[in-house]
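Single-structure report; data block below.
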Amino acid sequence: MAVDSETTTAPASDPAPQAEARTEPEATVAKTPVVTNIPADEPPVKTGPSFADLNLPLKLQAALAEAGLETPFPIQAATIPDALAGIDVMGRGRTGSGKTLAFGLPTLARLSDSGKRTRAKHPRALILTPTRELAMQVADSLQRYGDAVGMDMKVVCGGTAFNRQIDALRRGVDMLVATPGRLRDLIRRGECFLDEIEVAVLDEADQMADMGFLPEVQEIFDLLPQGQRMLFSATLEKEIGVLVKKYLKDPVEHSVDPSAGSVSTMSHHALLIRPHAKSEMIAAIASRPGRSMIFVRTQMACDRIGEELRDAGVDADALHGGMTQQARTEVLKRFKEGRLSSLVATDVAARGIHVDGVDFVLHADPAKDHKDYLHRAGRTARAGESGTVATLVLPHQNRQVFSMFERAGVKAARHFVDGLFDEDLASMVSARTLTELEAQTAARQAKMAESEVERMQRRIQKLTDRAAELHQEAVRLQERAEREIKEGPKERPRRDDRPRRNKGRYDDRRGGGQGGGGRGRYGRGDRNDRRGGGRDFRGGDRREFGDRDDRRGGGRGDRDFRGGDRREVRSDDRRGGGRDFRGGDRRDFRDRDDRRGGGRGDRDSRGRGDRRY
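All residue numbers for the sequence shown refer to UniProt numbering, where the first residue is 1 and numbers rise by one.
Encoded structure:
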């Protein structure tokens, strides 16, 4: 198995001996880890190897060229050859050193070259991240390269639709980017199986430990079959060392030297400030040209500072764990796209956020410890760019903050925010004194107030125009009302005086009314013709409505269509004469004494003989 033992030397200005790589014989690589120390965030140089020299597939090389990437960063140049060879890799370095492509490109290359087909619910590569924001950013960074080699990729994390993630896994996912909690839920539901994983990557392992995810990580890694493992972390403390020893086999270590990066690309500053000047200093730094991130400890402070910055005319917004996932995603998207110049965030919400172009990180509240400080600071000076990190230090925080700097290996310059500012501080806030800083803040607020006045004036003008229209309408309606009152009420014709249609008498309408020759009622012609004339379809002429005495007598009795003349009160002719179908004559309804007697007793139609009471 060929191993590329990368030889990386420090710049001539840095004589640090740890920047020299050790070249190990090939035979010892499988037993003894190879350690390569690289100056942090050293920008790619044209004299170094290109991506084509790293034996990546041609499709990946074309995608990199299309993205404008020709020369790898040192961590990428050192890691990719070993990862392509299937060797376990341990990378150490802070955020922004190019680690995503260092493990993502070789993973995609190995999946593409294997030629295997991914089965439903059985991904072939796994990347574990501590937060959903980091998972989404890793997937975004690798998506174009996955498309280039035809590898399907899916993010599974909390705060997003469960059903969509399940559907994607059922269709088949080549590379799965996941957070530990959501992946464990999917495994327990039987929607994801890890027995076909070929490459597993643990990204930001130290953050996993800080957030208490190591038990879940170990539970997931225990389910993995034999295969390649890669672990990346900013630090290698005791808990991370346990993971390395348990799950990585003879790993090759490539380490980014944080001290070299701090000197070459990032400047650190401590701004000693009084409480009353804190808001002005935050507003001054946030309103400077460029993109900045402002860190606070609590969600309440995050919302308050975000609102104060917007009131001061700064395009700023808050990002914290109390927001919905949709709101957090939208804020982060606006910040990435440059629609926000400042992002106010808590530590939990900002973990794993990778946004290029952030040139200033401000600790409005000092970090809890040196690890959080380094994580915060890692949001700037990414990919070889320069950046500034400043911490606001109140009098009672002095000892704590400088002790933290010492543990982080950072030398921070002190600046007193009082009297005349020194040159560095003046360049950071574009002011020479605190009074000038306050004047700038007041000027921004005045400008915002003027803008608000203009907006309100436009609103007032619209309301004024609307009021004038309503007034004219009221005058018009009032004049109309006065005319109606002056003219008096109009006489409405009585009912008997109204013109009436010649509909004929009631009996004519139903029996050939309206002269018997027109269309009759509803324009249907002579109704007499439809039913046989005079509505005798029931066996006789229909009498006038007023002849109530004839309704049940002989006047309407001649309904011969039922088999006979209808006699008194539907008597015996309805069913064949005297209702004898049940074996007897039906008596008059009023003869109550005969109802149960012989009048109805002879029900011989049922073959049971005469029925008696």
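Just so you know, even glycine gets a beta-carbon here, dropped at the ideal spot from N, CA and C.
It should be emphasised that the depicted structure is a prediction, and the values quoted were computed from it without experimental measurement.
**Report entry** Rounded distance between the beta-carbons of M266 and G387, thought under 8 Å
**Finding:** Yes, G387 and M266 are in contact; Cβ-Cβ is about 5 Å, under 8 Å.
Query raised in the report: Would you say A412 and H269 are within 7 Å of each other, going by their C-beta atoms?
Result: Yes, these two residues count as a Cβ contact at 7 Å.
Query raised in the report: In this structure, what does DSSP give as the bridge partners for S341?
Result: Beta-bridge pairing links S341 to no other residue.
Requested in this report: Give the DSSP-derived three-state secondary structure of G321 in the structure shown.
Outcome: Coil at G321, not helix or strand.
Report task. Between the Cα of I294 and those of P123, G378 and A67, spot the shortest distance and give me the residue it belongs to. Result -> It is G378.
**Report entry** Test item: CB-CB of E198 and R124 under 7 Å
**Finding:** Closer than 7 Å, so yes.
Query raised in the report: Does the segment 73-86 come close enough to the segment 138-146 to have 3 or more Cβ pairs within less than 8 Å?
Result: No: the two stretches stay apart, fewer than three of their Cβ pairs being nearer than 8 Å.
Requested in this report: Consult DSSP for R432 and reduce its assignment to one of helix, strand or coil.
Outcome: Here DSSP, grouped into helix, strand and coil, assigns R432 to coil.
Query raised in the report: Is DSSP giving residue 651 helix, strand or coil here?
Result: No statement about residue 651 is possible, as the shown extent of the chain runs from 1 to 613 and does not include it.
Query - Nearest residue (CA-CA) to L224, options K238, R184, F232 and E239 - result: Comparing Cα positions, the closest option is R184.
**Report entry** Anticipated Cβ contact below 8 Å, M448 with A312, distance rounded
**Finding:** Correct: roughly 7 Å between the Cβ atoms.
Requested in this report: Round the Cβ separation of P180 and F213 to the nearest angstrom and send it over; I've been treating them as touching at under 8 Å.
Outcome: The Cβ separation is near 5 Å, so the contact holds.
Requested in this report: Look at residue 685 and D152 and say whether their C-beta atoms are less than 7 Å apart.
Outcome: Outside the shown range of the chain (1 to 613) lies residue 685, about which nothing can therefore be said.
Requested in this report: Have a look at V401 and K116 and give me their C-alpha separation to the nearest angstrom.
Outcome: Within the model, the alpha-carbon separation for V401 versus K116 is close to 53 Å.
Query raised in the report: Does the distance from the C-beta atom of L176 to that of L126 stay below 7 Å?
Result: Contact flag set, yes.
**Report entry** R297 and D365 closer than 7 Å at C-beta
**Finding:** Against a cut-off of 7 Å, the Cβ pair of D365 and R297 comes out as a contact.
Query raised in the report: Is DSSP giving D359 helix, strand or coil here?
Result: Here D359 sits in strand by DSSP.
Requested in this report: Kindly list the residues whose CB is nearer than 7 Å to the CB of G554, restricted to its own chain and excluding five residues on each side of it in sequence; keep chain order.
Outcome: Residue confidence is low: G554 scores 47 on pLDDT, short of 50, so the model does not pin down where it sits. No coordinate-derived value is stated.
Report task. Answer with buried or exposed for G190, where buried requires no fewer than 16 other C-beta atoms within 10 angstroms of its C-beta. Result -> The residue is exposed, with fewer than 16 neighbouring Cβ atoms inside 10 Å.
Report task. Going by DSSP, name the residue or residues bridged to K154. Result -> Residue pairing for K154: DSSP places it in a beta bridge opposite L176.
Query raised in the report: Taking just the CA atoms, how far does H370 sit from M404?
Result: One C-alpha to the other measures close to 5 Å.
Query - Residue closest to D250, alpha-carbon to alpha-carbon, out of M90, A77, K490 and L56 - result: That would be M90, whose Cα lies nearest to the Cα of D250.
Query raised in the report: Cβ atoms of V389 and V361: under 7 Å apart, would you say?
Result: Pairing V361 with V389 gives a Cβ-Cβ distance under 7 Å.
**Report entry** For A301 and L392, the rounded distance between their alpha carbons
**Finding:** One C-alpha to the other measures close to 15 Å.
Query raised in the report: Could you give the residue range of the beta strand (DSSP E) that holds F295?
Result: Here the beta strand (DSSP E) through F295 covers R291 to V296.
Query raised in the report: Can you name the start and end residues of the alpha helix (DSSP H) that M404 belongs to?
Result: Annotation for M404: the continuous alpha helix (DSSP H) segment containing it runs N398 to A408.
Query raised in the report: How about the segment 273-282 and the segment 316-334: do they share at least three Cβ pairs that are nearer than 8 Å?
Result: Judged by Cβ distances under 8 Å, the segment 273-282 makes no contact with the segment 316-334, as fewer than three pairs qualify.
Requested in this report: Report the rounded CA-to-CA distance for A327 versus R483, giving the unit in angstroms.
Outcome: Take the alpha-carbon of A327 and the one of R483: they are about 60 Å apart.
**Report entry** Alpha carbon of E204 to alpha carbon of R459, nearest angstrom
**Finding:** So the alpha carbons of these two residues sit roughly 51 Å apart.
Query raised in the report: Helix, strand or coil: which one does DSSP assign to I273?
Result: Three-state DSSP puts I273 in coil, outside helix and strand.
Query raised in the report: When the Cα of P72 is compared with those of G86, D88 and N55, which residue comes out closest?
Result: That would be N55, whose Cα lies nearest to the Cα of P72.
Query raised in the report: With DSSP run on the structure shown, which of helix, strand or coil describes E196?
Result: E196 falls in the coil class under three-state DSSP.
Query raised in the report: Does DSSP classify P225 as helix, strand or coil?
Result: Correct three-state label for P225: coil.
Query - As assigned by DSSP and simplified to three states, the class of I285 - result: Helix at I285.
**Report entry** Nearest neighbour of L186, chosen from M208, N163, L202 and A431 [CA to CA]
**Finding:** Out of M208, N163, L202 and A431, the CA that lies nearest to the CA of L186 is found in N163.
Report task. Give every residue of the same chain whose Cβ lies closer than 6 Å to the Cβ of D372, excluding the five residues on either side of it in the sequence, and list them in chain order. Result -> Only D347 meet the Cβ criterion.
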